[in-house]
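In the numbering used here, the protein residues as written are 64 to 243. Glycine residues also receive a C-beta, built at the ideal position from the N, C-alpha and C atoms. Just so we're clear, the structure is a prediction, and the values are computed from it rather than from any experiment. Following: one structure in structure tokens, then a few remarks.
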Amino acid sequence: MANIILTDEKIFSSIMLIRNQKVMIDSDLAVLYGVETKRLNEQVKRNIERFPKDFMFQLSDEEWSNLKSQFATSKKENLKSQISTSNWGGRRTNPYVFTEQGVAMLSSVLNSDQAIKVNIAIMRVFVKIRQFAANYKELLEKIDELQKVDSEQNKHINNIYKIIEELVKPESKNKNPIGF
64 MANIILTDEK IFSSIMLIRN QKVMIDSDLA VLYGVETKRL NEQVKRNIER FPKDFMFQLS
124 DEEWSNLKSQ FATSKKENLK SQISTSNWGG RRTNPYVFTE QGVAMLSSVL NSDQAIKVNI
184 AIMRVFVKIR QFAANYKELL EKIDELQKVD SEQNKHINNI YKIIEELVKP ESKNKNPIGF
């Protein structure tokens with residue numbers, strides 16, 4: 064396969080959230096590593112002891128169906144992957160997805176210079192995602208603090224407003240005039 068230009072955006076767009084885990088699909092990884100999906104999966108199966116369930120898992124029928132519908136891949140040419148395809152234009156099996164740890168393990172079974180370079184790039188993107196998530200969490204906490212302070216200030220402002228309202232209210236007309 065031809066070398067591709069690897070960008071953080073390309074890698075980031077290949078990362079999905081499935082079963083509350085950030086994962087990459089086998090066919091996307093194969094493209095990045097410059098191998099056929101079939102070959103990538105063969106290497107994984109030869110070294111299956113390196114890929115426990117928290118490193119890699121196969122999508123269920125429902126997950127695969129949802130994923131295809133999210134990306135509008137109902138066209139025949141989009142359904143064909145590099146792994147075993149049927150004459151009807153789709154995968155015979157549901158794809159495998161790899162967590163960050165699984166992706167790291169892939170570089171040990173795909174022993175090539177490109178695999179090493181791609182793996183380093185992918186790991187850097189996963190680190191950036193974690194940093195972004197940490198910054199985002201910190202930002203949310205600060206916003207929450209500001210909202211609490213703002214809420215207290217709003218209570219004080221409302222109290223002041225009520226007092227001012229009481230002070231500027233016209234006096235009631237039922238009062239008797241002075242001196243009569």
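Asked: Could you pull the DSSP bridge partners for Asn87 from this structure?; Found: Residue identity differs from the one stated: residue 87 is Met in this sequence, not Asn. Met87 pairs with Ile78 and Phe161.
Asked: Are Val190 and Phe75 touching if we call contact CB-CB under 8 angstroms?; Found: no
Asked: Applying the criterion that 16 or more other CB atoms from any shown protein chain within 10 Å of the CB defines a buried residue, is Thr162 buried or exposed?; Found: buried
Asked: Whose C-beta lies closer than 8 angstroms to the C-beta of Met79 among residues of the same chain, with five residues either side of it excluded?; Found: Lys85, Val86, Met87, Ile88, Leu130 and Val160
Asked: Just checking my contact of Met168 with Phe114 at CB under 8 angstroms: how many whole Å lie between their CB atoms?; Found: 6 angstroms
Asked: Tell me the rounded alpha-carbon separation between Lys180 and Gln210.; Found: 45 angstroms
Asked: Do Asn157 and Asp117 have their C-beta atoms within less than 8 angstroms of each other?; Found: no
Asked: Restricting to Cα atoms, I'd like to know which of Ile81, Gly97, Arg82 and Asn83 is closest to Asn182.; Found: Gly97
Asked: Out of Glu126, Asn110 and Ile111, state which residue places its alpha-carbon closest to the alpha-carbon of Asn83.; Found: Glu126
Asked: So Phe195 is in the alpha helix (DSSP H); what residue range does that whole segment cover?; Found: Asp176 to Val231
Asked: Between which two residues does the beta strand (DSSP E) carrying Phe120 extend?; Found: Met119 to Gln121
Asked: Using CA atoms only, rank isn't needed, just tell me which of Glu201, Ile226 and Met186 is closest to Asp71.; Found: Met186
Asked: Measuring straight from C-alpha to C-alpha, what distance separates Gln194 and Glu204?; Found: 15 angstroms
Asked: What are the boundary residues of the alpha helix (DSSP H) that includes Thr156?; Found: Counting along the chain, Thr156 falls outside any alpha helix (DSSP H), and DSSP gives it neither H nor E.
Asked: I'd like the span of the alpha helix (DSSP H) that includes Arg109, first residue to last.; Found: Thr100 to Arg109
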